[in-house]
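Below you'll find the structure, written out as structure tokens, and then a few comments.
Residue numbers (this note's numbering), protein chains in the order written: chain A, 2 to 143; chain B, 4 to 727.
In structure tokens form, the structure reads like this:
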């Protein structure tokens, strides 16, 4: 199962772009390395504000964001992005593991919720789901 | 029970007072009234009798004065009659006298300077002194010898009255025949004496005495050496020729001795004053009173050449006298028969009578003090009796009052002893709340009081004991609830700790997890690179160190803290920051010290940290619901008067005013869901006040809440309460 998903990601993500937002440098560095193993383009930002500035000038297939951040937090960023592009595929990677956050995320139309610390299998599974959604949406547009 | 500054009185005092009021006071009042009556009546009787005495004396004195005046008048009259007789005899003598051959000279001597005198041959011999003024007259000796036949008359005149000192005849040619005999006539008389120049001669001449009757001289100094005297003189005419003047002398000494010595039972003074106010004679005793020295004696250092009158001092009408004398002079002028004169020292009754013969006044002065001396002595005696009665009465009262005091004490005792027992019992009750037993007093009312009190006391005692049990139960319950509270707060602290650890661990755990995922993915992808793996493993190692550090931080924080330690405030702040910093995302804890950042404090450091963390945690929580964009918590430390002042101010908008006064109450919380035990600040306050001996306050400032903690810089071990 895992191997199939990895293969799928290897096959389809080479042309996809990711906007990754995380305020912790060490984690950001490590996670960026991980994402680059699949995605052709990975742009890493360290706060919501910076991320939105980047997002205004570029389009991304996937936005992956932390929730607790200085200046502009995760939900703030999500709201701005959704306002600009309601179809944007977004996933959250947060240490807030309460149900209340997942419910809030659903209300914001967030597509995936990945808990911290991140389990490798869950990461691959979530990325697989996101990628599938991206491809499905791309096919619908065509 | 005790009352301070009380105007109330002790019962024993009241009883004693009442005793006095009912027994002693009336007696004292009656007795003192009697005493007053006694003294008053004494005084009254004395005054009345004195007044009567004075009045009586006045009457009798008037009579006495009148009588004395008449005696003196008689005396003068008698002398005047004698003088008249003498005058008649002399006129007869001169009628018979014929100038003829001189008789045998015998005892008569003619001195070298022409004075004729005689020697004393018989006991009733009279002196003859013939001035040498007419020494050429051949009939002198004859006249001198012839006049000897007049001697028996002089002698008989001398015998008529003891007041008469001299009887004599002076001729116009200065022959003097005088009885009794003067031994040293040659020395006494000036040899050229001109007798008509003397007052006792010229006052009788035609010019001064046209009626040719007997006249009286003023007081003058006797040339014959008998001192101050007055004379009744009468002219002797022969065919209208003034042959000479006869005279009878009365010396003042004699008048004073014989006439003025009025014998009365009280001190009386007398004086004779002539028409012009000259004092002719007065008692010796009167001199110092009037301030005038009487001239009774005269020091004959030389012969008296002329009339020597009394000095002007002796005139009452002169104005240089004492006030008493002035008053007498007024009396003299007014001719008032009786008056009282008082000059402040002497108090006299004064009478005044005229001696008809001479027109002189007899003035008698009676000393009222001596008059009243008897009645005064009587008054003193009765007063003395009064004082003795007073003393005896005082003694009696002292005995009586001491008896009353004893009695009143006994009486008070019968009431007071049971009351005192009651008081002691009430004190015992108020001290111990033990059941009480008081003996019966024997007084119905007090017994009722005692019974009621004993009932009440016993009920109170029972109530007290039951209350005590309840209070003990209450205290036990309270202690238990306190323990529960402390336990809860500890649980809450642990819960928060777990939360914080969870929060702080999540990030490094995420990193570790991500590293591992990277390695796993590399293996799965077959893109396995040794360098990359080493890098990841190192990173993982570092992250685990961090995890361990976090655990250490928290474990330090929750270690029991029972020694007072000296620690830099900076260190405490570092610890607070390291514990709190990571959980305070998107915000900043700033520690600053305006003057000295190396302040050291002796305290329980972890307890202080617990409080600071609690406050910082509250601020961090407050930021979650606040709208403020700048999230800072600023802690400032400064030293002030031996105390450390820590201010912890946030910018989270402050505490709502309706709850700011309740935030230190237990179980008070505004946070409904998580972390809201409502114990944090209550426990913080307890730690600051009970354990760290400081104080904590909160106010809202412009940007947010501001907590101020004040702590002693040197906390000593003993000050701390035993740990819970």
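In this text, a Cβ means the ideal position worked out from N, Cα and C, and glycines have one as well. Owing to the predicted nature of the structure, the values given are computational and were not obtained by experimental measurement.
Would you kindly check if the distance between the Cβ of residue j and the Cβ of residue i is under 8 Å?
i, j, result
"residue 167 of chain B", "residue 86 of chain B", "no"
"residue 236 of chain B", "residue 248 of chain B", "yes"
"residue 73 of chain A", "residue 97 of chain A", "no"
"residue 654 of chain B", "residue 707 of chain B", "yes"
"residue 293 of chain B", "residue 328 of chain B", "yes"
"residue 360 of chain B", "residue 76 of chain B", "yes"
"residue 690 of chain B", "residue 698 of chain B", "no"
"residue 667 of chain B", "residue 684 of chain B", "yes"
"residue 112 of chain A", "residue 90 of chain A", "yes"
"residue 319 of chain B", "residue 280 of chain B", "yes"
"residue 428 of chain B", "residue 441 of chain B", "yes"
"residue 713 of chain B", "residue 609 of chain B", "no"
"residue 82 of chain A", "residue 55 of chain A", "no"
"residue 616 of chain B", "residue 582 of chain B", "yes"
"residue 396 of chain B", "residue 12 of chain B", "no"
"residue 26 of chain B", "residue 407 of chain B", "yes"
What in chain A is Cβ-close to residue i, meaning under 8 Å?
i, result
"residue 736 of chain B", "The question about residue 736 of chain B has no answer here: the residues shown for chain B are numbered 4 through 727."
Which chain A residues sit within Cβ distance under 7 Å of residue i?
i, result
"residue 518 of chain B", "31"
Let's test the definition: count the other Cβ atoms within 10 Å of the Cβ of residue i and tell me whether it reaches 16, buried, or not, exposed.
i, result
"residue 677 of chain B", "Because the pLDDT at residue 677 of chain B is just 49, under 50, the model does not fix this residue reliably, and the point stays unresolved."
"residue 10 of chain A", "buried"
"residue 221 of chain B", "buried"
"residue 363 of chain B", "buried"
"residue 727 of chain B", "For residue 727 of chain B, the predicted model reports a pLDDT of 40, less than 50, meaning its position is unreliable; a value from the coordinates is still stated below. The residue in question, residue 727 of chain B, is exposed, as its Cβ has fewer than 16 Cβ neighbours within 10 Å."
"residue 25 of chain A", "buried"
"residue 57 of chain A", "exposed"
"residue 3 of chain B", "Given a span of 4 to 727 for chain B in the structure shown, any question on residue 3 of chain B remains unanswerable."
"residue 421 of chain B", "buried"
"residue 133 of chain B", "buried"
"residue 50 of chain B", "exposed"
"residue 724 of chain B", "Note that residue 724 of chain B scores 47 on pLDDT, short of 50, meaning its location in the model is unreliable and no value can be drawn from it."
"residue 190 of chain B", "exposed"
"residue 169 of chain B", "buried"
"residue 78 of chain B", "buried"
"residue 148 of chain B", "buried"
"residue 238 of chain B", "buried"
"residue 186 of chain B", "exposed"
"residue 143 of chain B", "buried"
Using a cut-off of 8 Å between C-beta atoms, extract the partners of residue i located in chain B.
i, result
"residue 7 of chain A", "524, 527 and 528"
"residue 120 of chain A", "516 and 520"
Below 7 Å, is the gap between the Cβ of residue i and the nearest heavy atom of the ligand SAH?
i, result
"residue 577 of chain B", "As for the ligand SAH, it is missing from this structure, which has no ligand bound."
Would you verify that the beta carbon of residue i is, or is not, closer than 8 Å to some beta carbon of chain D?
i, result
"residue 100 of chain A", "In the displayed structure, chain D is absent; the protein chains listed are A and B."
Output, in chain order, the set of chain B residues within a Cβ distance shorter than 9 Å of residue i.
i, result
"residue 106 of chain A", "Within chain B, no residue comes near residue 106 of chain A; the closest Cβ sits about 18 Å away, beyond 9 Å."
"residue 130 of chain A", "The premise fails here: residue 130 of chain A is roughly 17 Å from chain B at the closest Cβ pair, so nothing lies under 9 Å."
So residue i contacts chain B; which residues on that side make the cut at Cβ distance below 7 Å?
i, result
"residue 117 of chain A", "509 and 513"
"residue 124 of chain A", "520"
Mind checking the stretch 26-54 of chain A against chain B and listing, in chain order, the residues whose C-beta falls within less than 8 Å of any C-beta there?
Against chain B - using a Cβ distance shorter than 8 Å - the residues of the stretch 26-54 of chain A are 27, 28, 31, 32, 34, 35 and 38.
Where the stretch 617-645 of chain B meets chain A: residues whose CB sits under 7 Å from a CB there
Taking 7 Å as the Cβ-Cβ cut-off against chain A, none of the residues of the stretch 617-645 of chain B qualify.
Check whether the stretch 67-81 of chain A touches the stretch 97-106 of chain A, taking contact to mean three or more Cβ pairs, one atom from each stretch, closer than 8 Å.
Yes, they touch.
When you check each C-beta in the stretch 61-88 of chain A against every C-beta of chain B, which residues fall closer than 8 Å?
Of all residues in the stretch 61-88 of chain A, the ones placed with a Cβ closer than 8 Å to any Cβ belonging to chain B are 69, 70, 71, 72 and 74, in chain order.
Give a yes or no on contact between the stretch 51-61 of chain B and the stretch 361-376 of chain B, applying the rule of three or more CB pairs nearer than 8 Å.
Enough Cβ pairs lie closer than 8 Å, so yes.
Quick check: the stretch 350-361 of chain B against the stretch 63-70 of chain B, are at least 3 beta-carbon pairs closer than 8 Å?
The stretch 63-70 of chain B vs the stretch 350-361 of chain B: in contact.
For the stretch 533-552 of chain B against the stretch 497-516 of chain B, do three or more pairs of beta-carbon atoms, one drawn from each stretch, fall closer than 8 Å, so that the two count as touching?
Two segments are said to touch when three or more pairs of C-beta atoms, one from each, lie closer than 8 Å; by this definition the stretch 533-552 of chain B touches the stretch 497-516 of chain B.
Stretch pair the stretch 162-179 of chain B + the stretch 191-200 of chain B: three plus CB contacts closer than 8 Å
Under the Cβ criterion (8 Å, minimum of three pairs), the stretch 162-179 of chain B counts as touching the stretch 191-200 of chain B.
Touch check for the stretch 567-574 of chain B and the stretch 594-603 of chain B: three-plus C-beta pairs under 8 Å?
Cβ pair count under 8 Å is three or more, so yes.
Would the stretch 42-52 of chain B and the stretch 409-417 of chain B be scored as touching if the rule is three or more Cβ pairs under 8 Å?
Taking a contact to require three or more Cβ pairs closer than 8 Å, the stretch 42-52 of chain B and the stretch 409-417 of chain B do not qualify as touching.
Between the stretch 4-19 of chain A and the stretch 33-46 of chain A, do at least 3 Cβ pairs fall closer than 8 Å?
Under the Cβ criterion (8 Å, minimum of three pairs), the stretch 4-19 of chain A counts as touching the stretch 33-46 of chain A.
Quick check: the stretch 201-209 of chain B against the stretch 109-127 of chain B, are there 3 or more CB pairs under 8 Å?
Under the three-pair Cβ rule at 8 Å, the stretch 201-209 of chain B does not count as touching the stretch 109-127 of chain B.
How about the stretch 86-97 of chain A and the stretch 18-38 of chain B: do they share at least three Cβ pairs that are nearer than 8 Å?
Note that the stretch 86-97 of chain A does not touch the stretch 18-38 of chain B; fewer than 3 beta-carbon pairs, one per stretch, sit closer than 8 Å.
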